[in-house]
Structures are given as structure tokens and as C-alpha cells.
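A short worksheet on the structure shown next.
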Amino acid sequence: MTAAPDQSPRPYHARPGQALSGRIAVPGDKSISHRALIFGALSVGETRVTGLLEGEDVLRTAAAMRAMGAEVERLGEGNWRVWGVGVGGLSEPADVLDMGNAGTGARLVMGLVASHDFTAVFTGDASLRRRPMGRVIDPLSRLGASFSGRSGGRLPMAVTGTAHPLPIEYELPVASAQVKSAVLLAGLNTPGITTVIEPEPTRDHTENLLRHFGASVAVETTRAGGRVIRLTGQPEFRAAPIDVPGDPSSAAFPMVAALLVPGSEVTVANVGLNPLRTGLFTTLQEMGAELGYTNRREAGGEAVADIVVKYAPLRGVTVPPERAPSMIDEYPILFAAAACAEGDTVVRGARELRVKESDRLGLMARGLKACGVDLDEFEDGLVIRGKGRPPQGGVSIATELDHRIAMSFLVLGLAATDGIAIDDARVMDTSFPGFIGLMQGLGGSLAPQDT
């Protein structure tokens with residue numbers, strides 16, 4: 129009999145040590161990996177995907193595509209094959225779709241189901257079951273789908289798609305790539321033109337991949353700086369290979385670690401530089417980061433480069449609120465950098481962080497205060513008063529099942545005077561399997577925490 133996997137928490141700590149040095153590659157882009165599997169499942173024929181992120185979130189999306197009729201097969205590390213069923217060809221899953229911690233996967237797959245004539249039941253882990261789904265329920269209900277779940281629009285939830293979907297024009301109340309993508313995915317199996325209006329540009333991987341697979345997508349910029357996306361429904365999707373670049377959100381962690389640990393120099397290879405994903409890199413440069421791009425190129429319709437980062441003293445800056453969509457997942461690691469900078473770092477317009485895998489504003493504020501950082505917390509942001517040196521640390525952080533909180537505090541622990549511990553390193557497998565080994569390979573002092 130095979131022993132059950134150990135479900136015990138794995139506390140870890142990070143402490144100051146030697147300078148970080150080396151050349152690394154981070155896992156494939158999480159956003160593109162989810163979409164690669166979904167679009168492969170909707171195409172006709174075989175789609176080969178290389179560089180796929182094999183984190184827990186993406187594997188849940190792979191399982192959901194299998195459950196709805198697509199063939200999804202792992203050929204080797206990062207190398208996958210998807211044999212699709214064509215637009216409109218998905219079938220009703222025989223069991224509940226357990227999306228784990230994958231908020232992106234859950235919302236995108238809900239969009240798919242909304243325009244198919246069957247019912248699918250969605251659930252997830254404790255963190256995902258706390259996250260509201262109302263922002264996708266509203267537009268998808270207008271298209272004709274129906275939803276039955278817990279109060280507040282939370283999982284578990286049954287989604288019943290419509291046999292006669294109606295094209296809609298939907299203006300996003302808040303910029304969100306997940307909501308935009310859910311509506312566009314529903315629009316794929318809808319006759320006519322589905323229109324999404326976003327107040328600020330958000331990551332456009334969905335639009336890029338729609339074109340890559342043969343759909344007609346028109347995008348125009350509004351006078352106010354937003355965008356209007358129009359998708360012509362029911363295209364003939366043709367299979368197309370996808371080379372997934374390294375995830376800029378994952379690259380952010382070793383990059384900031386190199387900026388904070390004196391004497392460090394780290395190169396992160398093959399990082400995606402989609403201009404709607406690089407807000408953190410721009411912000412770090414404004415803070416004085418020594419950060420350069422080499423070997424610029426294009427892969428799978430996305431800009432890619434190697435990023436060279438060297439230790440540099442940082443200064444506080446005010447981050448423009450309109451930059452939030454391009455760095456929404458990177459705010460936790462920015463806060464870690466700001467804790468070591470000289471002067472105030474001001475972040476406003478980031479209310480979206482309250483409804484991520486955790487309340488990331490609240491968790492980061494409490495954790496940084498426990499480390500000795502002076503800050504003010506607002507409903508939509510933080511003001512962090514850095515002293516030009518790392519904080520004291522010497523605490524253990526409750527991550528609340530949030531992978532980015534865990535990695536941010538481990539990175540800060542590499543610089544904090546007394547180091548920092550986290551309560552469970554397992555959560556990092558959601559987006560960055562192998563994070564601890566990679567950081568140790570650069571020279572970082574990370575080890576299991578004695579309990």
C-alpha cells in the first residue's frame with residue numbers, strides 16, 4: 129500500500145549570509161500556462177506546449193481540461209501535448225472540478241463553461257473558497273449562464289452554461305485580466321461579437337493567444353487610456369505550438385533578493401517582458417535598482433529577455449495608481465524591497481490585493497510591522513517608511529496559504545538582521561516549485577525551521 133503524502137506544515141527560515149550569485153531560469157509564466165492548456169483544449173488537432181509551469185495551480189487547469197474531454201499529456205519536464213476538441217466541443221465533467229488554489233484557473237474555466245450546455249461544479253482549497261466570484265458571475269449571467277453557490281458568490285458553486293449564449297458588451301468596473309479573459313472565453317462559443325471594455329490596460333495574454341490560434345480580435349484604445357476588445361465568436365481554432373517564457377512574477381523574487389543582499393549579482397534568463405506585466409521592473413528602476421536587459425528576443429508572440437540584477441541601495445518612491453494592473457501580483461515583493469529602502473514608498477490604488485489568495489495588504493502590513501518596519505495601512509495601499517537598511521526581523525510569518533506572501537518574507541529574511549521564518553513552505557508549489565532549491569543554489573541561506 130502506498131503511504132499517504134505527508135500533509136504536515138514545513139516551516140522554513142531565511143537568514144543573512146553570503147552574496148547571491150549565478151544564472152538561473154524561473155518557471156514558465158503562470159498566466160500563459162493556464163491559457164495555453166485552455167486554448168489547446170479548444171483547438172482542432174495537437175498543440176505542443178514547451179516551458180509550461182508545472183505548479184499546482186496549472187496542474188488543476190490541466191485536470192479540468194481532461195475532465196471536459198481534451199487529451200492533456202505530459203511528455204517531459206515543461207513539455208506537454210494537448211489534443212483539443214474544438215470550440216464548442218467540451219463535454220460535461222463527471223465529477224467536481226477541484227481548482228485547488230487556482231483563482232485564475234477557476235475564473236477562466238467558469239467562462240468556458242458559461243457558453244456550453246452543461247453544468248459543472250467548482251470547488252477549491254480553503255483559500256480559494258474564501259475568494260469572491262461575483263465579478264465573473266455578473267457578466268457571465270448576462271450572457272445566459274446561471275450560478276448556484278455559497279453566499280457572497282463563493283465556492284463550492286455549480287455553473288450551468290447556456291445552450292443559446294448571447295454576445296454582450298461588458299464594461300469592467302475594475303481592471304481585471306481574469307474577468308476580461310472569462311468573458312472573452314465565454315464569447316468564443318457565442319455567435320456574433322463579444323465586447324469587453326477595460327478602464328485600464330491589463331495583461332493581454334488572452335488576446336495574444338486568441339490571435340495565435342486563429343481568432344479575430346480587434347483592440348482599440350479609448351480617449352481615457354482604457355481599451356475596447358472585440359472578439360468574433362465561434363472561430364475555427366487551429367492547433368499552434370506555444371513556447372511559454374519565464375514568469376516575470378516569479379523572476380521578481382530572486383531579482384529583489386539580489387537587490388537586497390550586498391555584493392549580489394544574478395542573471396534571470398528567458399523572462400517574459402510583456403509591457404503589461406513589467407510595472408515592478410519599472411518601479412525598481414525608479415528606486416535605483418541596477419537592472420539591465422540582455423538577449424532581447426520574441427518567443428510565442430511575447431517579448432523575452434535575460435535580466436541582470438546587481439545589489440544597489442534603494443530609495444522610496446510613489447507608485448502611480450494606474451500602474452497597479454501591470455504589477456498587481458508583485459506588490460508583496462515590492463513591499464519587501466520598500467522595507468529596506470531609504471525614505472517613503474507610497475502605494476495607493478491597490479485595493480485588488482484585498483481579494484487575492486489572501487488579504488495581501490493586511491498580511492504584508494502585519495508581517496512587516498512585526499519585523500520592525502514603520503508603515504501606515506489604507507484600504508487601497510500602504511505607506512512604508514524605510515530607513516535605508518533591512519529591518520530587524522526575527523519573527524515567524526503566518527502565510528495563510530498564500531505563495532507570494534511566503535516567498536516575499538523569505539526574500540526579506542535573506543537581508544533582515546535576525547532573519548525571518550514562515551509557517552509553511554509547501555504553499556510555494558502553487559506557482560514556483562523548486563523556489564527554495566533555486567535560492568539555495570544562488571547562495572541563499574534557507575533551511576527548515578526547528579519546531
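Going by the numbering used here, the sequence shown opens with residue 129, and the numbers climb by one from there.
Beta carbons are placed, not taken as given, at the ideal position from N, Cα and C, and that holds for glycine.
Exercise. In this structure, does DSSP put I296 in helix, strand or coil?
Worked result: In the structure shown, I296 sits in coil (DSSP, three-state: anything other than H, G, I, E or B).
Exercise. Got a sec? Which residues, its chain only, sit under 6 Å from K158 by beta carbon, not counting five neighbours each side?
Worked result: So the list reads L181, D375, S559, once near-sequence residues are dropped.
Exercise. Does DSSP put D226 in a helix, in a strand, or in coil?
Worked result: For D226, the three-state secondary structure derived from DSSP is strand.
Exercise. What is the rounded straight-line gap between the Cα of L419 and the Cα of P284?
Worked result: Roughly 44 Å between the two C-alpha positions.
Exercise. Which residue's Cα is closest to the Cα of E201: T406, L542, G168, L387?
Worked result: Among T406, L542, G168, L387, the Cα nearest to that of E201 is on G168.
Exercise. Taking buried to mean at least 16 other C-beta atoms within 10 Å of its own C-beta, is A132 buried or exposed?
Worked result: Bear in mind that the predicted position of A132 carries a pLDDT of just 44, short of 50, making it unreliable; the figure below should be weighed with that in mind. A residue is called buried when at least 16 other Cβ atoms come within 10 angstroms of its Cβ; A132 does not meet this threshold and is exposed.
Problem set entry | CB of L165 within 7 Å of CB of G212, strictly | Between L165 and G212, the C-beta gap is not smaller than 7 Å, which leaves the two residues out of contact.
Exercise. Does the beta-carbon of M129 have 16 or more other beta-carbons within 10 angstroms, so that it is buried, or is it exposed?
Worked result: Its pLDDT being 40, under 50, M129 is placed unreliably by the model, and the measurement read from it follows with that caveat. With fewer than 16 other Cβ atoms within 10 Å, it is exposed.
Problem set entry | Collapsed DSSP secondary structure at F246 in the structure displayed | Residue state, collapsed to three classes: coil.
Exercise. Can you tell me where the beta strand (DSSP E) with F560 in it begins and where it stops?
Worked result: Under the DSSP assignment, F560 falls outside any beta strand (DSSP E); it carries neither an H nor an E label.
For this session: Could you have a look at T130 and say whether DSSP puts it in helix, strand or coil?
Result: Note on T130: pLDDT 43, under 50, position unreliable in the model; the coordinate value appears next. Coil, per DSSP.
Problem set entry | D508 and G477 closer than 7 Å at C-beta | With contacts defined by Cβ atoms closer than 7 Å, D508 and G477 form a contacting pair.
Exercise. Are at least three pairs of beta-carbons, each pair with one atom in the segment 367-374 and one in the segment 310-322, less than 8 Å apart?
Worked result: Too few Cβ pairs lie closer than 8 Å, so no.
Exercise. So is D578 buried or exposed if we call it buried at 16+ other beta carbons inside 10 Å?
Worked result: Around the beta carbon of D578, fewer than 16 other beta carbons sit within 10 angstroms, so the residue counts as exposed.
Exercise. Exposed or buried, L294, counting other C-beta atoms within 10 Å across all chains shown (16 or more means buried)?
Worked result: So L294 ends up on the exposed side.
For this session: Please look up how many angstroms separate the CB atoms of Q306 and L236, rounded, as I've assumed it's under 8 Å.
Result: Yes, they are in contact, since the Cβ atoms of Q306 and L236 sit about 7 Å apart, within 8 Å.
Problem set entry | Sub-7 Å separation of S524 and P460 beta-carbons | Cβ atoms of S524 and P460: not closer than 7 Å.
Exercise. Is S279 buried or exposed, if buried means 16 or more other CB atoms sit within 10 Å of its CB?
Worked result: The residue in question, S279, is exposed, as its Cβ has fewer than 16 Cβ neighbours within 10 Å.
Exercise. So what's A191 in DSSP terms, helix, strand or just coil?
Worked result: In this structure, DSSP gives A191 a helical state, which the three-state scheme calls helix.
For this session: Starting from the C-beta of L542, find all residues in its chain whose C-beta is less than 6 Å away, skip the five residues before and the five after it, and write them out in chain order.
Result: Setting aside the 5 residues that flank it on each side, L542 is surrounded in the same chain by A142, A385, V389, G572, each with a C-beta closer than 6 Å to its C-beta; the list follows chain order.
Problem set entry | N229 classed as buried or exposed, judged by whether at least 16 other C-beta atoms fall within 10 angstroms | Flag for N229 reads buried.
For this session: Over the uninterrupted beta strand (DSSP E) stretch that includes E580, give me the two end residues.
Result: This structure gives no information on residue 580, because the portion of the chain shown stretches from 129 to 579.
Problem set entry | Identified DSSP bridge partners for S149 | Paired residues: E393.
Exercise. Is it true that the segment 524-534 meets the segment 441-455, where meeting means three or more beta-carbon pairs spaced less than 8 Å apart?
Worked result: No: fewer than three Cβ pairs fall under 8 Å.
Problem set entry | Between the CA atoms of F275 and S269 - distance to the nearest angstrom | Rounded to whole angstroms, the gap between the alpha carbons of S269 and F275 is 8 Å.
Problem set entry | Beta-bridge pairing of V475 - partner residues as DSSP gives them | Per the DSSP secondary-structure output, V475 pairs in a beta bridge with V447, L510.
Problem set entry | Same chain, Cβ closer than 6 Å to E480, five either side skipped, listed in chain order | Hits under 6 Å: I456.
Exercise. Nearest to L442 by CA position, among E174, T411, D434, G233, is which residue?
Worked result: Of the listed residues, the one whose Cα sits closest to L442 is T411.
Exercise. Alpha carbon to alpha carbon, how far is S219 from L510?
Worked result: Computed Cα separation, rounded: 45 Å.
Problem set entry | Contact set for V501: own chain, Cβ-Cβ below 6 Å, skip 5 residues either direction | Residues A467, P519 of the same chain have their beta carbon placed closer than 6 Å to that of V501, with the five preceding and five following residues left out of the count.
For this session: Consult DSSP for L268 and reduce its assignment to one of helix, strand or coil.
Result: In the structure shown, L268 sits in a helix (DSSP, three-state: H, G or I).
Problem set entry | Coarse secondary structure for A466, derived from DSSP in three states | A466 falls in the helix class under three-state DSSP.
Problem set entry | Beta-ladder partner(s) of L275, from DSSP | What sits at residue 275 in the sequence shown is Phe, not Leu. BP columns for F275 point to V287.
For this session: Report the rounded CA-to-CA distance for I550 versus M556, giving the unit in angstroms.
Result: Approximately 11 Å between the Cα atoms of the pair.
Exercise. Which residue's Cα is closest to the Cα of S344: T334, G156, T178, M567?
Worked result: Sorting T334, G156, T178, M567 by C-alpha distance to the C-alpha of S344 places T334 at the top.
Exercise. So, is G173 buried or exposed, given that buried needs 16 or more other C-beta atoms within 10 angstroms?
Worked result: Exposed, by the Cβ-count rule.
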